[in-house]
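Have a look at the structure below before the remarks.
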Ligand SMILES: [Zn+2]
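In my numbering, the protein residues as written are 8 to 467.
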């Protein structure tokens, strides 16, 4: 049940913008998008916040090592802010290619330093935090329910701690709220009487509270975020307010590549851009992710990508058949097929987003629908099934969409050629017009002339 009737407030841990998002990251954002779309389908008004981490995420989750942004800046010989803005833009482009809807806000960490510092100050004032020589830390022993999300109790963490790198910490699980910066650190600000930068975990606590309040409904992330990231977020947030912070946690299972962990060293590391370069449609990846249950590990392979592209074609072919059906037959049998599919689809989605079962209902509808179109074509019946396909697509968002992979440059090139052809036709230079048409054909573009003008689509 939501905290406020009819409304859902949701926070998704967003990207650290130091490189292109890999397909594992993308799968987590696709899951959050599915959840949001399902809630909206179900009549809720959803306020979705997804942060941009542009400072403070260190190479090791255990508060050590270099800042990921600084490392990328060093390797690419650029300013860290330049790196952050570049990859943020690329990430939003990737989201749009995957038809992930824009959240209400994408707060950037570097633009919320005051909120984060205020949060840390509160923790200092309430005795949950302490300062040592390299920064301000959260005192986990002051927060007895530490471990409630991940099951990592303080005793276990103490026993499992490797050689403590920082002997000033009160407990090995204490984590950095604010780090003191080395003079050469390019991202640093004045707070608490020293130059420093925020820890990664505090970003999500401070920004989610700013936009969603002290308590909200849903928080999502990948399973790899459960510990330490989300455990630390809970500790900081609840220590500050004394209230339960989040009602429901949902985590996206790991993405593996052909049964193995994805890693650069194994050569099985892919970004969405890699898939596009190999000729795959982003929507095929969207389908691949959504077709398996979000909590199960997702096994990625190119064989599955090929299969996904074929499934998308089947969906689109079916929709096309429904659109052109002009039959005069009775719609009654269609009504039955629709009722069954809709009930099964909605029940499955309400069962913890059981997408494999929901999709099975859609496949069944397509199978029965195709038979009906063959045997008793009915325009009125086809309209009903088409309506279902559109409802289904409000949630899955996979129909149509060959245009998604096209670059703005390609689109501009096509538009320019179409203009050239229109001009040639106005001058009745048919030979020139035909020549342009051939050029467009060579680019895989098909034209359609109608009363409203010329439209085009990429067919090959
Ligand atoms: Zn987070």
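Here a beta-carbon is modelled for each residue, glycine too, at the ideal position from N, C-alpha and C. Just so you know, these numbers come straight off a predicted model, no measurement behind them.
Check residue i in the structure and name its three-state DSSP category.
i: residue 17; result: strand
i: residue 23; result: strand
i: residue 136; result: strand
i: residue 32; result: helix
i: residue 460; result: strand
i: residue 388; result: helix
i: residue 313; result: helix
i: residue 144; result: strand
i: residue 233; result: helix
i: residue 163; result: helix
i: residue 376; result: helix
i: residue 12; result: coil
i: residue 52; result: strand
i: residue 57; result: strand
i: residue 182; result: strand
Quick check on residue i: buried or exposed, where buried means 16 or more other Cβ atoms within 10 Å of its Cβ?
i: residue 453; result: exposed
i: residue 11; result: exposed
i: residue 210; result: buried
i: residue 105; result: buried
i: residue 331; result: exposed
i: residue 327; result: exposed
i: residue 299; result: buried
i: residue 462; result: exposed
i: residue 419; result: exposed
i: residue 109; result: exposed
i: residue 397; result: exposed
i: residue 232; result: buried
i: residue 348; result: buried
i: residue 54; result: buried
i: residue 309; result: exposed
i: residue 293; result: buried
i: residue 272; result: exposed
i: residue 252; result: buried
i: residue 368; result: buried
When the distance is taken between beta carbons, is residue j closer than 9 angstroms to residue i?
i: residue 193; j: residue 80; result: yes
i: residue 99; j: residue 113; result: yes
i: residue 159; j: residue 88; result: no
i: residue 341; j: residue 219; result: no
i: residue 306; j: residue 266; result: yes
i: residue 116; j: residue 205; result: yes
i: residue 277; j: residue 296; result: no
i: residue 238; j: residue 153; result: yes
i: residue 281; j: residue 16; result: no
i: residue 291; j: residue 316; result: yes
i: residue 101; j: residue 28; result: yes
i: residue 156; j: residue 241; result: yes
i: residue 336; j: residue 32; result: no
i: residue 385; j: residue 379; result: yes
i: residue 207; j: residue 226; result: no
i: residue 402; j: residue 51; result: no
i: residue 187; j: residue 141; result: yes
i: residue 137; j: residue 26; result: no
i: residue 450; j: residue 425; result: no
i: residue 417; j: residue 352; result: no
i: residue 304; j: residue 261; result: yes
i: residue 268; j: residue 34; result: no
i: residue 428; j: residue 440; result: yes
Taking 8 angstroms as the threshold, find out whether the segment 359–366 comes into contact with the segment 38–46 through three or more Cβ pairs. yes
Do the segment 245–254 and the segment 56–65 meet, that is, are 3 or more Cβ pairs less than 8 angstroms apart? no
Touching or not, the segment 371–381 and the segment 314–327, by the rule of three or more beta carbon pairs under 8 angstroms? yes
If contact is defined by three or more beta carbon pairs under 8 angstroms, each pair taking one atom from either stretch, is the segment 389–396 in contact with the segment 331–347? yes
If you scan the segment 192–262 from start to end, which runs of the beta strand (DSSP E) of 3 or more residues do you find wholly inside it? Correct list: 196–198, 201–205, 223–229 and 253–259.
Inside the segment 63–95 only - alpha helix (DSSP H) runs reaching at least 4 residues: 75–83
Could you tell me which uninterrupted alpha helix (DSSP H) segments, each at least 4 residues in length, are contained entirely in the segment 291–359, listed from first to last along the chain? 309–331 and 339–357
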